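See structure below.
Residue numbers (my numbering): 1185 to 1254.
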């Protein structure tokens, strides 16, 4: 692996971790406000804050982020 590829991968992973952490914090905040909210409704409610943050996250990526951090 070249040095350039190594640092690109590190930068990508760091950005992905930051995005996952942001999503997790948003999910926890919404769950505090509305306990018992399902994953589908959470995903719908999170679309606006995610777009404002410049994060594109589909359903599969969202589920993976939530399950890997929990």
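Heads up, the beta-carbon is just placed ideally off N, CA and C, and yes, glycines get one too. It should be emphasised that the depicted structure is a prediction, and the values quoted were computed from it without experimental measurement.
DSSP places residue 1240 outside any alpha helix (DSSP H), giving it a letter other than H or E. Within a 10 Å sphere around the beta-carbon of residue 1185 sit fewer than 16 other beta-carbons, which makes this residue exposed. DSSP, reduced to helix, strand and coil, places residue 1220 outside both helices and strands of the structure shown, so it counts as coil. Taking every protein chain shown into account, the CB of residue 1237 has fewer than 16 other CB atoms within 10 angstroms, so this residue is exposed.
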